[in-house]
Amino acid sequence: MADSGFISSTRAVPAKGDVPRHIAIIMDGNGRWAKKRFMPRVAGHKRGVDSVRETIKSCIDRGVEYLTLFAFSSENWRRPADEVSFLMQLFIRSLEREVKRLHENGIRFRVIGDVSRFESKLVAVIRDAEALTAGNTRFNLTIAANYGGRWDILQAASRALAKQSDSGEALSEAALEAELSMSFAPEPDLFIRTGGEQRISNFLLWQLAYTELHFTDTLWPDFDASALDAAIASYRGRERRFGRTSDQLKDAEAQGPHA
Ligand code: IPE
Ligand code: IPE
Ligand code: MG
7 MADSGFISST RAVPAKGDVP RHIAIIMDGN GRWAKKRFMP RVAGHKRGVD SVRETIKSCI
67 DRGVEYLTLF AFSSENWRRP ADEVSFLMQL FIRSLEREVK RLHENGIRFR VIGDVSRFES
127 KLVAVIRDAE ALTAGNTRFN LTIAANYGGR WDILQAASRA LAKQSDSGEA LSEAALEAEL
187 SMSFAPEPDL FIRTGGEQRI SNFLLWQLAY TELHFTDTLW PDFDASALDA AIASYRGRER
247 RFGRTSDQLK DAEAQGPHA
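Residue numbers (the working numbering): 7 to 265.
Okay, structure coming up:
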């Protein structure tokens with residue numbers, strides 16, 4: 007049976023570390039950051055790139071292994087055409103400017119989402135960056151672009167079903183998980199959304215099943231190392247029960263990591 011190789015939170019109990027192994031972030035609030043300063047919305051997106059750079063560095067310094075950032079949702083096409091176009095150009099320019107540094111720092115870069123709708127220049131820059139960094143293992147940076155959680159589950163289900171077309175078996179969680187666009191990573195331990203909204207906005211719907219959620223009013227361009235530390239501190243204080251009782255959890259901890 008196909009398996010991603012990572013522990014699924016609904017089929018086994020993952021270990022809890024002090025530092026989240028995988029952090030997933032909805033980077034929200036760029037437009038409001040700019041509006042507060044009487045600047046055009048896109049100025050907020052531009053400043054948001056600095057927060058991305060700082061967050062990558064802070065995550066590496068703290069021992070996080072996977073960082074997944076929601077940059078453009080499948081619903082963001084509904085925005086004004088000039089804002090969409092600015093975001094695409096910003097993505098191209100930022101990637102062209104940063105790819106060498108990502109590679110020198112041992113960062114593996116990936117994009118998840120349906121990139122087929124992007125202009126060919128952007129697709130080429132993405133594919134080149136993915137190829138250049140494919141051998142890196144120190145840190146995994148994933149950008150979700152034209153990504154939607156429902157799209158991901160649907161495309162995974164279609165592919166998994168096609169693979170077992172004549173077997174007559176029911177589709178299993180493991181077979182579906184192996185086809186999800188994040189099958190290369192463990193499920194996120196910590197989810198952060200900046201900008202004050204408390205919703206998932208069609209991000210990693212399948213993978214967030216047991217992720218600890220942290221919502222902050224900090225706008226994405228203001229998100230810095232201390233804001234990240236506050237999120238990690240909140241994560242450390244959580245009791246991750248994965249369906250068990252608090253007493254069971256304490257017994258398991260007393261018996262050691264393999265109980
Ligand atoms: C998040 O900031 C960036 C993207 C969705 C691309 P927003 O642009 O959503 O900023 P607000 O929410 O309008 O402040
Ligand atoms: C979510 O932010 C998507 C990204 C950050 C890329 P939005 O600003 O688009 O979300 P909604 O529309 O407020 O839910
Ligand atoms: Mg927003």
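Glycine included, C-beta positions come from ideal geometry on N, C-alpha and C.
Shortest gap from the CB of Glu89 to any heavy atom of ligand 3: 8 Å or more.
If you look at Ser14, you'll find it isn't in any alpha helix (DSSP H); DSSP assigns it neither H nor E. Contact between Ile118 and Ser187 holds: CB atoms are separated by about 4 Å, below the 8 Å threshold. In this structure the segment 152 to 171 touches the segment 210 to 228; the number of beta carbon pairs closer than 8 Å is three or more.
Neighbourhood of ligand 1, defined by CB distance below 5 Å to any of its heavy atoms: Asp34, Gly35, Asn36, Gly37 and Arg38, in chain order. Taking the CA atoms as reference points, Lys127 sits about 10 Å from Arg133. A straight line joining the alpha-carbon of Gln95 with that of Arg123 spans about 14 Å. Ligand 2 has a heavy atom closer than 8 Å to the beta-carbon of Gly201. In the DSSP assignment, Leu225 falls outside any beta strand (DSSP E) and carries neither an H nor an E.
Take Val105, set aside five residues on each side of it, and the residues of its chain with a beta-carbon closer than 6 Å to its own are Ala135, in chain order. Ranking Val131, Ser64 and Thr139 by CA distance to the CA of His109 puts Thr139 first.
Distance from the CA of Arg107 to the CA of Ile198, rounded to the nearest whole angstrom, comes to 25 Å. Between ligand 2 and the CB of Phe209, the shortest heavy atom gap is smaller than 8 Å.
A direct Cα-Cα distance of roughly 34 Å separates Glu175 from Lys22.
Closest option to Ser100, judged by alpha-carbon separation, among Lys169, Gly50, Arg246 and Val131: Val131.
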